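**Q** All residue numbers for the sequence shown refer to the numbering used here, where the first residue is 757 and numbers rise by one. Each residue gets a CB set at the ideal place from its N, CA and C atoms; glycine is no exception. Keep in mind that this is a model prediction, so the values were computed, not measured. The structure that follows is given in the form of structure tokens.
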Amino acid sequence: MPYVTDKLPFILSYLKNNPLQDCHATLFDMTQPQCNDQIHLLSDILLKTLRTSGELPERNHLRVKICQADAKMYCLTERKDRWNVHGIQRGKNHVIAVKKTHNVKNDLLCTPDKRILWLSKTYDGHVHDKKIVDEQPLSFPTGITLWQDTGFFRSYA
757 MPYVTDKLPF ILSYLKNNPL QDCHATLFDM TQPQCNDQIH LLSDILLKTL RTSGELPERN
817 HLRVKICQAD AKMYCLTERK DRWNVHGIQR GKNHVIAVKK THNVKNDLLC TPDKRILWLS
877 KTYDGHVHDK KIVDEQPLSF PTGITLWQDT GFFRSYA
């Protein structure tokens, strides 16, 4: 990648959109093996940077620290489409990937200023939100207002 300023958009767009590496490589004018190398390198750098700065969300529900200053909390679910490539057909000037999607989801806990405090394990998309919370229960101090959608009904009452 010729410019340092391209590296953050490269890895963030890959993690957010989850494209095929061939497509992502084309977007950033590189080959698929170069793209693969950059993804592995930049993913590690991003993870270490978030951990060092203290901004990496907690993944263990037993270690989540919620202080009284966070008077409002939001319990949300993030869903993401994942592509499975079932076959590649190569033509003279094009490549066609036959793909199917399936969803994965995570529950997350965040503050009103959009700081993510906790990110659950990743589950298949068909798993209900409440089941995720039941398997990884969070405990909140008194005085916390928790905003949640109906998928969490009766989990935190």
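1. DSSP on TYR770, reduced to helix/strand/coil?
2. Do the stretch 805-815 and the stretch 776-785 touch if we need at least three Cβ pairs shorter than 8 Å?
3. Going by the CB atoms, is the gap between ASP863 and ILE900 shorter than 7 Å?
4. Are LEU798 and LYS763 closer than 7 Å when you measure CB to CB?
5. Please report the straight-line C-alpha distance between LEU875 and CYS866, rounded to a whole angstrom.
6. Pick from LYS861, ASN792, ASN774: whose alpha carbon is nearest that of GLY950?
**A** So, from the listed chains and residues:
1. Within the sequence shown, numbered from 1, the residue matching residue 770 stands at position 14. Helix, per DSSP.
2. Contact fails between the stretch 805-815 and the stretch 776-785, because fewer than three Cβ pairs, one in each stretch, are under 8 Å apart.
3. For this step, residue 900 is matched to residue 144 along the sequence shown. For this step, residue 863 is matched to residue 107 along the sequence shown. Against a cut-off of 7 Å, the Cβ pair of ASP863 and ILE900 comes out as no contact.
4. To locate residue 798, count along the sequence shown from 1; it is residue 42. To locate residue 763, count along the sequence shown from 1; it is residue 7. For the 7 Å CB-CB criterion, LEU798 and LYS763 form a contact.
5. For this step, residue 875 is matched to residue 119 along the sequence shown. For this step, residue 866 is matched to residue 110 along the sequence shown. Each residue's Cα considered, the two are about 9 Å apart.
6. Given that the chain is displayed from residue 757 to residue 913, the structure contains no residue 950 and the question cannot be resolved.
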